[in-house]
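Asker:
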Amino acid sequence: MTGWHVDDDALRRWIDRTDSLSDGASVEQHLLSCDRCRATVNATVTAGPVAGLVDLTTVWSRTRDAIELPRPSAFERLLRRAGLPEHEARLVAVASAFRGAWLTGVAVVLAFAAVAGALGHSRGAVVFLLVAPLVPCLTVASSYDPEVDPALEPELVTPYPALRLILLRTITVLAVALPAEVLAGLLIPGQARYLWLLPAVGFVAAVLALSTWTSPLRAAVAVSLAWLAAVWLLMARSGSPDAALHDWFQLGYLLLAAASLAIFLIRRGHLRELRPRRS
Amino acid sequence: MSTSISLRGVGRRFGSAWALADVDLDLAPGVTGLLGPNGAGKTTLLRLFATALSPTEGTVSVLGLDPAEPAERTGIRRRLGYLPQEIGFPRGFSAFAFVDYVALLKEWTQPAARHAEVRRVLDLTGLSGIAAKKIRTLSGGQRRRVALAQALLGPPAVLILDEPTTGLDPEQRATLRTVLAELARTSVVVLSTHQTEDVAALCERVIVLDSGRVRYDGLVTELTGQAAGRVWLADEPDPAASVSWRTGTGRYRNVAEHARTGVEHVEPSLEDAYLLLRGGRPAQADGQAEQAARSREVLS
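Line by line, the protein sequences are chains A and B. Residues in the first sequence are numbered from 1 upward in steps of one, following this note's numbering. Residues in the second sequence are numbered from 280 upward in steps of one, following this note's numbering.
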């Protein structure tokens, strides 16, 4: 025990490690032999957080974060930069089926555009016309189809709204696929380069509506087959490759989109239902 | 004790076949075991509890809410944990990433709180050391525990587990029992299994399903007690027994539909009682009782 004691300010500086090396050494030497000053240090440290004192819990938590937290993909970082909240960007980006869907969709469009361009005017336009309106609905269907989602059952019984999840993925798919398709369409001569847009929107809406009855992929395949058959028949009758894009048909695609969206919203309670399978 | 799950006149049809018929049940907090042969309707019943399916007829109530109403269904799902019989994992996910993904769907939007909750369930299931590993590199038992971990997020007020012990080793099963017993103090835990010893070790109540109907609903001890006086050991298989098998001691365990006197009775197990309830005919088409008896023979 000594006759003098370190004043409170000096002790605080030592605790916070803001004193000089020589002052710190002096205080430390004193503390070794002074019960009263040690008690003051203990009381100060116990009373609240101390700057400079290592919080092991926080360090451990940060270490685990560094090891365990999944690193956001480039696509997820892009979505967050576009303004999507962290958790929604993750929900959109994590589904591997989704990533595959839009990549495949964009690749298919570019490939067909290249083929169409290489084939020349009329035949190229037919190829593009057959494929372009279908790519958005096929990629959208793939992005949320329960049959390609391996973790469907636990996802299904979560409170996250299926409607919101599906629309989030749909909008994101379209945001990626449509501009790519529009750019690819520039390779195509004539009106077909942009007139495919309305049927594409109509088909996406039709797939969303039909997916309240059946799986989105089945719906997309059905819509695709119907489109291919219709284009083929119209072409055989009129001899024009873009007969299916005439004004009256464009109005029909608009009506199809409106009616489908209405059905989709009315029947949204049936989205992502577990399709009956006998246990 | 308050009722947390209630079924009244519930039936579920797939095409022309009824997977469940005339089911009336009331479940309160605690662990309830679901036993029955393959195709008895266990998974269908669990999917009804978990709001993954809706009944063809009858009414279901979970936590006092009606799963047929979208808003109330969401309310149930906020307090529900569900482990399906079969579960796949998205490609490239680590254990942490998968549970974190389900936590997001369960509305854990704050990253710090979500990560803490994910760690809590990974710790509970003994996966904290391999949280960063890709799921495809994990063993079957570890994958099953990843699936279980997502069901424990919350923690849930209703926990539905379809064959949770499949692929788990004895130590992991014992750990799981501890976790479930703790959770069942305040939550409804329903588990389906083919392991009668899991039900005997963990459950107070057991429901036996057969061909979509409730064959037995009561205490495990009462069901086991029904086999008292009907199980005995002998040097040879007894023709009076419905089923008998050679045990590890070289003697035969005989289980009969009628009580027998003048023999060396032994304490019946839940499996004995289950076999008797099923008619004591392990060679029936469903194959489960047969499989149980066969596995005993192999072990001996």
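Glycine included, every Cβ here is placed at the ideal spot set by N, Cα and C.
#1: Is it true that the segment 338-349 of chain B meets the segment 499-516 of chain B, where meeting means three or more beta-carbon pairs spaced less than 8 Å apart?
#2: Can you pull out the residues from the segment 60-71 of chain A whose beta carbon lies closer than 9 Å to at least one beta carbon of chain B?
#3: Got a sec? Which residues, its chain only, sit under 8 Å from B:ALA436 by beta carbon, not counting five neighbours each side?
#4: How would you call B:ILE439, buried or exposed, if buried means at least 16 neighbouring beta carbons within 10 angstroms?
#5: Give a yes or no on whether the minimum CB-CB distance between A:ALA361 and chain B is below 7 Å.
#6: Compare the beta carbon distance of B:GLY491 and B:ALA300 with 7 Å and say whether it is the shorter of the two.
#7: Could you confirm whether any beta carbon from chain A is found closer than 7 Å to the beta carbon of B:LYS413?
#8: Apply the 10 Å Cβ neighbour rule to B:VAL339 and answer buried if 16 or more other Cβ atoms are within range, or exposed otherwise.
#9: Pairs of beta-carbons, one from the segment 145-162 of chain A and one from the segment 69-82 of chain A, closer than 8 Å: are there three or more?
#10: Is A:SER260 near A:ALA205, with beta carbons less than 7 Å apart?
#11: I'd like to know whether the C-beta atoms of A:VAL140 and A:VAL92 end up nearer to each other than 7 Å.
#12: Return the residues of the segment 9-37 of chain A that lie within a Cβ-Cβ distance of less than 9 Å from chain B, sorted by chain order.
#13: Using the C-alpha atoms, what's the distance from A:LEU197 back to A:ASP242?
#14: Using 7 Å as the limit for Cβ to Cβ distance, is B:PRO349 near chain A?
#15: To the nearest angstrom, how far is the alpha carbon of A:PHE203 from that of A:VAL231?
#16: If you measure between the beta carbons of B:LEU502 and B:VAL485, is that distance less than 7 Å?
#17: So, B:LEU427 versus B:PRO443, is the Cβ gap smaller than 7 Å?
#18: Given a limit of 7 Å on CB to CB distance, which residues of the segment 142-157 of chain A reach chain B?
#19: Does B:GLU536 have its Cβ less than 7 Å from a Cβ in chain A?
#20: Taking CB distances under 7 Å as the criterion, tell me whether A:GLY269 reaches chain B.
#21: Between which two residues does the alpha helix (DSSP H) containing A:TYR160 stretch?
#22: Shortest alpha-carbon distance to B:GLU365 belongs to which of B:ARG326, B:SER373 and B:HIS394?
#23: Round the Cβ separation of A:THR44 and A:ARG17 to the nearest angstrom and send it over; I've been treating them as touching at under 8 Å.
#24: Could you confirm whether any beta carbon from chain B is found closer than 7 Å to the beta carbon of A:VAL173?
#25: Does any residue of chain B bring its CB to less than 7 Å from the CB of A:PRO159?
#26: Taking only three categories from DSSP, how would you classify B:ARG292?
#27: Hey, quick one: how far does the alpha helix (DSSP H) through A:VAL135 stretch, first residue to last?
#28: Please classify A:ARG36: is it buried, with 16 or more other beta-carbons within 10 angstroms of its beta-carbon, or exposed?
#29: Under three-state DSSP, which class holds B:LYS413?
#30: How would you label A:GLU28, buried or exposed, when you count the other beta carbons within 10 angstroms and need 16 or more for buried?
#31: Nearest chain A C-beta to B:PRO363 closer than 7 Å, yes or no?
#32: Look at the alpha carbon of B:GLU336 and the alpha carbon of B:LEU401, and state the distance between them as a whole number of angstroms.
#33: To the nearest whole angstrom, what separates the beta carbons of B:LEU403 and B:LEU431, a pair I think is in contact under 8 Å?
#34: Name, please, each residue of chain A whose Cβ falls closer than 8 Å to the Cβ of B:ALA376.
#35: If we define contact as Cβ-Cβ less than 7 Å, is A:ARG80 a contact residue for chain B?
#36: Taking 6 Å as the limit between beta carbons, can you name the residues of its chain near B:PRO516, skipping five residues before and five after?
Answerer: According to the structure data:
#1: no
#2: SER61, ARG64, ASP65, ILE67, GLU68, LEU69 and PRO70
#3: SER283, LEU342, ARG358, LEU359, THR465, SER466 and VAL467
#4: buried
#5: A question about residue 361 of chain A goes unanswered here, because the residues of chain A that appear run from 1 up to 279.
#6: yes
#7: no
#8: buried
#9: no
#10: yes
#11: no
#12: none
#13: 13 Å
#14: yes
#15: 14 Å
#16: yes
#17: yes
#18: PRO150, ALA151, GLU153, PRO154, GLU155, LEU156 and VAL157
#19: no
#20: yes
#21: Careful: A:TYR160 lies outside any alpha helix (DSSP H) and carries neither H nor E.
#22: B:ARG326
#23: Between A:ARG17 and A:THR44 the Cβ distance is about 13 Å, and since that is not below 8 Å, they are no contact.
#24: no
#25: yes
#26: strand
#27: 134-144
#28: exposed
#29: strand
#30: exposed
#31: yes
#32: 39 Å
#33: 6 Å
#34: PRO70 and VAL94
#35: no
#36: SER523 and TYR531
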